[in-house]
């Protein structure tokens, strides 16, 4: 029996947890973490048209794993560690995948509420029961996995480049080199280093929410909005690049809120879709770099300079 | 204090009746129009859902008409509606429309005390006793319920009437007179009169009209501008249809019946076992039961980019495949062209007609 683990969406956030958990369970596991053109095509073909790029890539990983796995782990994440929700598509992921791929061998699809450890464990135990693993073993694996997730420092913070930008967005876009066509490498070539939201602590992010009239509930909103405001206040970043996917529901909101709340940091919004042209993408990055240069020459910090447009980035 | 709230269906009619009854001034912005939508989209983010763009244009018009306090309902995620208030404030403040905001949130997000405080703030300038407020609320609920039952009857009867368009005319007349009614009592009498009028419409019981179920996202279902007046269009074509999601349905489930949400979350559903926000589970539930309730087809309505309904669209496709239910999804955006929608819906009605008369044309499911 072999279990397939598609590496998309929140896999990049919880990689240590997932790896340790399945190692400890002692089952045969196959990962599909590196996406490519075939995976995207397969996903786009089988997924509902209106879904966003990360969901389509996830579909592709699942389709690929279907070829030689008996079960595929498709989690239904309702809440993250601090009770934040993500997006309805994550909550209905098993249904979305099942109707797209026309198969039903998905496990671990009971609701996962990470802020409640007991419920979290219970849902994993229910999932493991389907493949015949007893509760005790799952509990042990669960504790080890939590430990390993805690001990790993995630996030990128680069010091060796002239400029440093805050690379905001969903982890599935930031860490998937295929989805963002080597954005990080391209930035390095332009002498720009990056810092990601994981480098800002949870309490610092929460502090930035004080001015809002309502406590926000989206994971990616809290992470990106909080980190953007914090990094601006501390002067740790020269600009923001927001990596978003086309038709993303929560990003339409997050980007606008960041834009309205920034005081002087320039911001570039890149939208990813299924297209693969790179030229437009490169030009915009170069323009952003030039703008950073000009800004540092003038050394003036007046007015909000926002470089946003709704043209597809021709990825 | 002059309050305003965004348009959703006929809420502005009953809303202003209620607030007038307890002596609070209400500014009701003009009905949604294409130019209003353009104004809204010019300051709203590109990829936000259609209701946001319409609502923001309502707030701007109301501000220009002298409103100073905006009331906005909110929910607790993960659908975008819960964060609307936040973004409205941020954008409108930036453009110089400075409202006082009263956000009516769910008690799970802000606590019962805070909710009561906000509701009290809303009616702080009333000129009557607290008891009268409750009486007015009760009457408002009655108006909503009775008007919706009239609407429901019209929707069903429009397939059976002998001379086409009579039911629609009665409904239109009732709505326009309701707008000019003096108070809630007056409105109740008026609706009763039209219930009576509707009973006198000549019905052909031998007719076998096509029966369609409308499901989908709540705002687009209730606000006629957001769905390009699909209801009137269906009535014109002699279709008998039903629409379970209405304002009264929402009030019943969320306010007057405290057990509904609790029970619904535990309801078993083969295709969507858990509620995922928005009204996706309801959509699926109704779609599944459509065959049992003898509907010929289902039309799903959603504004472009609606997150929960994208999932339910995908699941409805699966249901359509497995249970031979005919489903068509219509996605509305801010484009004003109606011809494409009309053609598609007409084709769907034709297809249902062929299937009903036993002429098999093409495959069963259209997705």
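Chains as they are written, first to last, in this note's numbering: chain A, 98 to 412; chain B, 18 to 384.
Ideal placement from N, C-alpha and C gives every residue a C-beta, glycine not left out.
From a predicted model like this one, the values you see are computed outputs, not experimental measurements.
- For the segment 355-373 of chain A, the set of residues with a beta-carbon nearer than 8 Å to any beta-carbon of chain B comprises 357 and 358, in chain order.
- Within the segment 308-331 of chain B, contact with chain A at the beta-carbon level (separation under 7 Å) is assigned to 322, 324, 325, 327, 328, 330 and 331.
- Contact note: residue 220 of chain A does not reach chain B at a C-beta cutoff of 8 Å; the least C-beta distance is about 11 Å.
- Taking each of B:292, B:140, B:149 and B:287 in turn and checking the Cα distance to residue 87 of chain B, the smallest one comes out for B:140.
- Under the Cβ criterion of 8 Å, residue 343 of chain B is not counted among the residues facing chain A.
- For residue 133 of chain A, the closest of A:232, A:362 and A:274 by C-alpha to C-alpha distance is A:274.
- In the three-state reduction of the DSSP assignment, residue 308 of chain A falls in the helix class.
- The beta carbon of residue 115 of chain B does not come within 8 Å of any beta carbon belonging to chain A, so the residue lies off that interface.
- Between the alpha carbons of residue 148 of chain A and residue 243 of chain B lies a distance of about 21 Å.
- Contact annotation, residue 175 of chain B with residue 252 of chain B: C-beta distance approximately 4 Å; criterion of less than 8 Å satisfied.
- By the C-beta density criterion, residue 200 of chain B is exposed, having fewer than 16 other C-beta atoms within 10 angstroms.
- Residue 228 of chain B is bridged by DSSP to B:257.
- For residue 290 of chain A, the enclosing beta strand (DSSP E) stretches over residues 289-292.
- Residue 335 of chain B has a beta carbon lying within less than 8 Å of a beta carbon in chain A.
- By DSSP's assignment, residue 174 of chain A forms a beta bridge with A:209.
- At least one CB atom of chain B sits nearer than 8 Å to the CB of residue 145 of chain A.
- Restricted to the segment 253-340 of chain A, the alpha helix (DSSP H) segments that are unbroken, complete and at least 4 residues in length are 268-271, 280-286, 299-304 and 316-331, listed in chain order.
- The beta carbon of residue 205 of chain B sits no closer than 8 Å to any beta carbon of chain A.
- In the DSSP assignment, residue 234 of chain A falls within the alpha helix (DSSP H) that extends over 232-248.
- Contact check for residue 330 of chain B and residue 145 of chain A: beta-carbon distance about 6 Å, within the 8 Å limit, so the pair qualifies.
- Check the Cα spacing between residue 124 of chain A and each of A:234, A:320 and A:262: the tightest is with A:234.
- The C-beta of residue 135 of chain B comes no closer than 8 Å to any C-beta of chain A.
- Of all C-beta pairs linking the segment 272-280 of chain B to the segment 231-240 of chain B, fewer than three are shorter than 8 Å, placing the two stretches out of contact.
- In the structure shown, residue 196 of chain B adopts helical secondary structure according to DSSP, grouped into three states.
- The C-beta of residue 299 of chain B comes no closer than 8 Å to any C-beta of chain A.
- When C-beta atoms of the segment 157-177 of chain B are compared with those of the segment 251-270 of chain B, three or more pairs fall below 8 Å, so the two segments count as touching.
- Taking a Cβ-Cβ cut-off of 9 Å, the neighbours of residue 314 of chain A in chain B comprise 93, 94, 95, 99, 100 and 126, given in sequence order.
- Proximity of chain A to residue 107 of chain B at the Cβ level (cut-off 7 Å) is accounted for by 354 and 357, in chain order.
- When the five nearest sequence neighbours on each side are left out, the beta carbons in the same chain lying within less than 8 Å of the beta carbon of residue 386 of chain A are those of 260, 287, 288 and 289, in order along the chain.
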